[in-house]
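Here is the structure we will look at, set down as structure tokens.
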């Protein structure tokens, strides 16, 4: 039963994460904590092993999404490598800090993060794009399928600083960082939305490799559980990317906002009074 549950969680996380460029960890971690620890349906699960499962899942979720986006040429590889380089030190530090978390502390801080992310998703459509970074950075252009040219860019120093913070969060909580990367690419650097999602998934894939090596070395990966998640995550990533190209994902984003808000409030409650 535990393996079936994890396979379903992996598939759900893969689909939802790929549609909006999150990488899936933002869904997998709270769902697995709820089902595995709070409900007790997955034996032997701890916050550390949940993070370990999540980072392994994100490799395959990110890989499937990256391959799909490569086919339609919606990945900015230069940006992907720059953001990846900036995230490496943060990812390593975050993974080692995670080692010292007990369950109440993990629940509390992860709940606060989920609340911040849900607010970010709730307010993203009401925020106005900022042109300061494009005006002061290296500018690039992208021509979409409708023939419209999009000009975007960023100062490299700010991109490295931003991705260090995102990498630390990713290593600490086992999430892909896409929830923060996608709004930053769209609002701060004026990326076209589909390029932002494709580039985000490429960054998630690269970062997950480093993240997983660190968590494997720390003994955080229960391989039998991780192997149950991988097929669903890979298939879900492919399906989610297809849906991203064919549908208006606003409905799913609304559901995701509510889920993150509820998961965040519940996690904070468990961290303080659980």
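Residue numbers (the working numbering): 94 to 367. No residue lacks a Cβ here, since even glycine has one placed at the ideal position from N, Cα and C. Computed from a prediction, not measured in an experiment: that's the story for all the values here.
Going by the beta-carbon positions, is the gap between residue 201 and residue 302 smaller than 8 Å?
No, they are not a contact pair.
With DSSP as the reference, please indicate the residues paired to residue 233 in a beta bridge.
DSSP lists 245 as partners of residue 233.
Does the distance from the C-beta atom of residue 117 to that of residue 151 stay below 8 Å?
Yes, the Cβ-Cβ distance between residue 117 and residue 151 is below 8 Å.
How would you write the range of the alpha helix (DSSP H) that residue 314 sits in, first residue to last?
No alpha helix (DSSP H) holds residue 314; DSSP gives it neither H nor E.
Would you please verify whether the beta carbon of residue 149 is less than 8 Å from any beta carbon of chain B?
Note that chain B does not occur in the displayed structure, where there is just one protein chain.
Near residue 260, what residues of its chain come up, given a Cβ to Cβ distance below 6 Å and the 5 sequence neighbours on each side ignored?
Correct list, in chain order: 180, 183 and 184.
Check each candidate in 217, 190 and 196 and name the one with the smallest Cα separation from residue 273.
Comparing Cα positions, the closest option is 217.
How big is the Cα-Cα spacing for residue 221 and residue 244?
Going from the Cα of residue 221 to the Cα of residue 244 covers about 16 Å.
Straight-line CA distance for residue 175 to residue 249?
Residue 175 and residue 249: Cα-Cα distance of roughly 8 Å.
Exposed or buried, what is residue 163 when buried is set at 16 or more other beta-carbons lying within 10 Å of its beta-carbon?
Label assigned to residue 163: exposed.
Short check: CB of residue 265 to CB of residue 190, under 8 Å?
Taking 8 Å as the Cβ cut-off, residue 265 and residue 190 qualify as a contacting pair.
Report the rounded CA-to-CA distance for residue 289 versus residue 111, giving the unit in angstroms.
About 12 Å.
For residue 214 and residue 353, which I take to be in contact (beta-carbon distance under 8 Å), what is that distance rounded to the nearest angstrom?
That pair is a contact at about 7 Å.
Closer than 7 Å by C-beta to residue 136: which residues in its own chain qualify, once you throw out the five before and the five after it? Chain order, please.
Counting only Cβ-Cβ distances below 7 Å, and skipping sequence neighbours, we find 95.
What residue from 320, 362 and 356 has the CA that sits closest to residue 411's CA?
The displayed coordinates of the chain run from 94 to 367. Any statement about residue 411 would go beyond what the structure contains.
Measure the Cβ-Cβ separation of residue 157 and residue 327 and say whether it is below 8 Å.
A contact, by the Cβ cut-off of 8 Å.
On the DSSP letters alone, give me the boundaries of the alpha helix (DSSP H) that residue 188 sits inside.
Where residue 188 is concerned, the enclosing alpha helix (DSSP H) stretches over 170 to 191.
Given this structure, state the Cα-to-Cα distance separating residue 324 from residue 291, to the nearest angstrom.
In a straight line, the C-alpha of residue 324 is about 21 Å away from that of residue 291.
Assuming residue 94 is part of the alpha helix (DSSP H), what are its boundary residues?
Run containing residue 94: none; DSSP gives neither H nor E here.
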